[in-house]
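S.K.:
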Amino acid sequence: MGSLADPGELDSVEPPQQQPSFDEFQRQTSLMTSCTLLWKELSDHFTSLEQDILKKSEALKAKIQTLDSETKASLEVLEQRETSMNVSLSIALQKVVENKKAAILAFDEGVEQPEVDDSTGLLLKLKSFCVKMDSRSFWNFLTAKKKDLDSLRVEIPKALGVCVDPPRFVLESISEVFPEDKREERNERNNDLGWACVLMLESLIPVMMDPVLGNERKLVTPSVKDKANEIAEIWKRSLDERGGIENVKTPDVHTFLQHLVTFGVVKNEDFDLYRKLVVGSAWRKQMPKLAISLGLGDKMPEMIEELISRGQQVDAVHFTYEVGLADKFPPVPLLKAFLKDAKKAAAAILEDPNNFGRAAHFAAKKEQSAIRSVLKCIEEYKLEAEFPPDNLKKQLEQLEKPKNEKKRPAAVPANKRTRANNGGPMPPAKAGRSTNAYVSSFPVAPAFVRSPPHTQYPQAVPAYASPPAIYGSRSPPYPYSPEPAPYPGTPVNYSPYGGYCNGMAPAYQQAYYR
2 MGSLADPGEL
12 DSVEPPQQQP
22 SFDEFQRQTS
32 LMTSCTLLWK
42 ELSDHFTSLE
52 QDILKKSEAL
62 KAKIQTLDSE
72 TKASLEVLEQ
82 RETSMNVSLS
92 IALQKVVENK
102 KAAILAFDEG
112 VEQPEVDDST
122 GLLLKLKSFC
132 VKMDSRSFWN
142 FLTAKKKDLD
152 SLRVEIPKAL
162 GVCVDPPRFV
172 LESISEVFPE
182 DKREERNERN
192 NDLGWACVLM
202 LESLIPVMMD
212 PVLGNERKLV
222 TPSVKDKANE
232 IAEIWKRSLD
242 ERGGIENVKT
252 PDVHTFLQHL
262 VTFGVVKNED
272 FDLYRKLVVG
282 SAWRKQMPKL
292 AISLGLGDKM
302 PEMIEELISR
312 GQQVDAVHFT
322 YEVGLADKFP
332 PVPLLKAFLK
342 DAKKAAAAIL
352 EDPNNFGRAA
362 HFAAKKEQSA
372 IRSVLKCIEE
382 YKLEAEFPPD
392 NLKKQLEQLE
402 KPKNEKKRPA
412 AVPANKRTRA
422 NNGGPMPPAK
432 AGRSTNAYVS
442 SFPVAPAFVR
452 SPPHTQYPQA
462 VPAYASPPAI
472 YGSRSPPYPY
482 SPEPAPYPGT
492 PVNYSPYGGY
502 CNGMAPAYQQ
512 AYYR
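In this note's numbering, the protein residues as written are 2 to 515.
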């Protein structure tokens, strides 16, 4: 009989391990997979954060280096400006003393006024006013010489250089019309003197440049700068009297903006006003450069988009090239859109029943002007490869062809209607028989009867102008009358007292800066 087991030994015997079920195994496997994916996701996230931090750190370092270099350059410029101040002031003071002596000598000796027969005479004449600081005589002489604009643009800066105080001289010269027009008598011929104001303000810039630093610093006294700022404020306050920004005249706008740039009185709080003024007068050639000088470079994309929306694509192209945004605003599509809009406008003119008489003429002028603007733009910015101008030139020739044919003098036909008995002229055709017809319908008077001269006719009978060359010795095709022709087509308008119309479009004066 075997012995019984020790109770302690029974306690030490391990129970048999239970094997995990299949579901438990799947649960554990899924948990491990989720943990692995979560670990990978967290690892990628922190890696991305680390890369972003490194990139931002490198960008920050580059900005710090750029800032350090800019700061260093600014400090060098400031140091140069400070060290050059004494030299610049010394040179300017010496020039003022020389000009003062020349002015005193001119007053004492009574220098004879030179004759203006060439550029040398023009310069001497301008200097004679400047050396005496005679701003009123200078202004009167300048405004009477608009035909010599190119020569004036060259000579005026030289003449202003002999003034004792050039900035004050310019402000006094243009004070008659800017900031407010103080003239008592005005007419259409001399009403616009903005060209003279802009010319003087532009000519003053090189005169005010620092002799050492050049255009980086302008030599303007605080009193003159305060005066220029006051003038700008007066002009802004007068906008309401001028009818607001929308109704102010372009020459006035150009003068105001050039005044701000010349004297450096631009204000950041007026940027919105400057932008509206520039867009409203964007067709002026100088406006893109003025916009940059006014500090509107950051607003240029918005201004270009506004010009495009207003149908001023050619102006938008000029602004685009001024700021280097030709990639963002391709010029060729803009120019083609401009031509398309001009063609639509010309078609609308032809369909206007209120403008039937000259519709064809106005429509042709509209298209011709658009094509010329585009051709000039293509030539200026070298776009021939992207936009060949040959077809445009042919279109322009076709549009100008009717006008050229109209200008061509007609052949004078021989007058075969003669009398057989006395050789006198036959009465004109029925179309010419009228109380206003120039050719007499009566036979030539006998030799013994003396016809009275025209001066002996009563005052009630007006003297008629001689017939134009295009009709020769024959009467006009219909009675002389200021009313439109009775037959369809483009009528020829006749002036009641000025003789017959020559069929040519009136010549308008070309803009002085365009």
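We treat Cβ as the ideally placed atom computed from N, Cα and C, and that holds for glycine.
Computed from a predicted model, the values in this text were never measured in an experiment.
Take Pro158 as the anchor and find which of Cys131, Ala233 and Ile175 has the nearest alpha-carbon.
M.R.: Checked all of Cys131, Ala233 and Ile175; the closest Cα to Pro158 is Cys131.
S.K.: For Pro332, does the count of other Cβ atoms within 10 angstroms reach 16, so buried, or fall short, so exposed?
M.R.: Buried, because 16 or more other Cβ atoms sit within 10 Å of the Cβ of Pro332.
S.K.: Specify, as a first and last residue, the run of the beta strand (DSSP E) that Asn355 falls within.
M.R.: Careful: Asn355 lies outside any beta strand (DSSP E) and carries neither H nor E.
S.K.: Can you grab the Cα-Cα spacing for the pair Val225 / Pro167, in whole Å?
M.R.: 10 Å
S.K.: Using 8 Å for Cβ pairs, my map puts Val178 next to Leu161. What's the rounded Cβ distance?
M.R.: That belief does not hold up - the Cβ atoms of Val178 and Leu161 are roughly 19 Å apart, past 8 Å.
S.K.: Quick check on Gly499: buried or exposed, where buried means 16 or more other Cβ atoms within 10 Å of its Cβ?
M.R.: Reliability fails at Gly499, whose pLDDT of 38 lies under 50, so the model's placement of it is uncertain and the value that follows must be treated cautiously. So Gly499 ends up on the exposed side.
S.K.: Rounded to a whole number of angstroms, what is the C-alpha to C-alpha distance between Ala360 and Phe339?
M.R.: 21 Å
S.K.: Helix or strand or just coil, what does DSSP make of Gly325?
M.R.: coil
S.K.: I need the straight-line Cα distance from Leu124 to Glu156, nearest angstrom please.
M.R.: 6 Å
S.K.: At the level of alpha carbons, what is the spacing between Val324 and Val279?
M.R.: 15 Å
S.K.: Return the first residue and the last residue of the alpha helix (DSSP H) that Glu217 is part of.
M.R.: Not the alpha helix (DSSP H): Glu217 falls in the beta strand (DSSP E), residues Gly215 to Lys219.
S.K.: Quick one: using the 10 Å Cβ neighbour count with 16 as the cut-off for buried, is Ser204 buried or exposed?
M.R.: buried
S.K.: Just verifying my parser: in three-state terms, what is the DSSP assignment at Leu55?
M.R.: helix
S.K.: What does a CB cutoff of less than 7 Å around Val199 pick up in its chain, not counting 5 residues either side in sequence?
M.R.: Result list for Val199: His255, Thr256 and Gln259, in chain order.
S.K.: Does the distance from the C-beta atom of Arg285 to that of Met304 stay below 8 Å?
M.R.: no
S.K.: Use the C-beta contact count for Pro389: other C-beta atoms within 10 angstroms, 16 or more gives buried, fewer gives exposed.
M.R.: exposed
S.K.: Do you know how far the Cα of Lys402 is from the Cα of Pro489?
M.R.: Note that Pro489 scores 40 on pLDDT, short of 50, meaning its location in the model is unreliable; the coordinates nonetheless yield the value given after this. Whole-angstrom Cα-Cα distance: 21 Å.
S.K.: What do you reckon, is the C-beta of Thr37 under 7 Å from a heavy atom of the ligand MG?
M.R.: In the structure on display, the ligand MG does not appear, and there are no ligands present to speak of.
S.K.: Please state whether the Cβ-Cβ distance between Ser371 and Leu351 is less than 8 Å.
M.R.: Looking at the sequence itself, residue 371 is Ala, so the reference to Ser does not match. Not in contact: Ala371 and Leu351 (Cβ atoms no closer than 8 Å).
S.K.: For Ala229 versus Phe272, is the C-beta distance shorter than 8 Å?
M.R.: no
S.K.: Would you say Leu240 and Ile232 are within 8 Å of each other, going by their C-beta atoms?
M.R.: no
S.K.: Alpha carbon to alpha carbon, how far is Lys62 from Ala346? Give it in angstroms, no decimals.
M.R.: 57 Å
S.K.: So, helix, strand or coil for Met134, using DSSP?
M.R.: Coil at Met134, not helix or strand.
S.K.: Who are Met210's beta bridge partners in DSSP?
M.R.: Lys219
S.K.: Would you say Ala343 and Leu220 are within 8 Å of each other, going by their C-beta atoms?
M.R.: Judged by beta-carbon spacing, Leu220 lies beyond the 8 Å limit of Ala343, meaning their Cβ atoms are not closer than that value.
S.K.: Verify whether the separation of the beta carbon atoms of Gln369 and Leu400 is less than 8 Å.
M.R.: Yes; because the gap between Cβ atoms is below 8 Å, this pair is in contact.
S.K.: Excluding the 5 residues preceding and the 5 following Asp211 in the sequence, name in chain order all residues of the same chain whose CB lies nearer than 8 Å to its CB.
M.R.: Ser85, Ser89, Glu217, Arg218, Lys219 and Leu220
S.K.: Under the three-state reduction of DSSP, which class applies to Cys36: helix, strand or coil?
M.R.: The answer is helix: DSSP assigns Cys36 an H, G or I state.
S.K.: Can you give me the C-alpha to C-alpha distance between Gly1 and Ile65, rounded to a whole angstrom?
M.R.: A question about residue 1 goes unanswered here, because the residues of the chain that appear run from 2 up to 515.
S.K.: Can you give me the C-alpha to C-alpha distance between Val97 and His319, rounded to a whole angstrom?
M.R.: Their backbone Cα atoms lie some 41 Å apart in a straight line.
S.K.: Just verifying my parser: in three-state terms, what is the DSSP assignment at Pro331?
M.R.: When secondary structure is reduced to three states using DSSP, Pro331 falls in the coil class, being assigned neither helix nor strand.
S.K.: Pull up the distance between the alpha-carbon of Lys250 and that of Lys133, whole angstroms please.
M.R.: 33 Å
S.K.: Mind reading off the beta-carbon distance from Ala235 to Met201? Whole number of angstroms is fine, and I expect it under 8 Å.
M.R.: Here residue 235 is Ile; the residue named in the question, Ala, does not match the sequence. The pair is not a contact, with the Cβ atoms about 18 Å apart (cut-off 8 Å).
S.K.: Would you mind sorting Leu172 into buried or exposed? The rule is 16 or more other CB atoms within 10 Å of its CB.
M.R.: Residue environment analysis places Leu172 among the buried positions, since at least 16 neighbouring C-beta atoms fall within 10 angstroms of its C-beta.
S.K.: Secondary structure at Ala293, three-state DSSP: helix, strand or coil?
M.R.: First, the amino acid is wrong: residue 293 is Ile here, not Ala. Note: Ile293 maps to helix in three-state DSSP.
S.K.: Tell me whether Gly244 sits in a helix, a strand or coil according to DSSP, three-state version.
M.R.: Three-state result, Gly244: coil.
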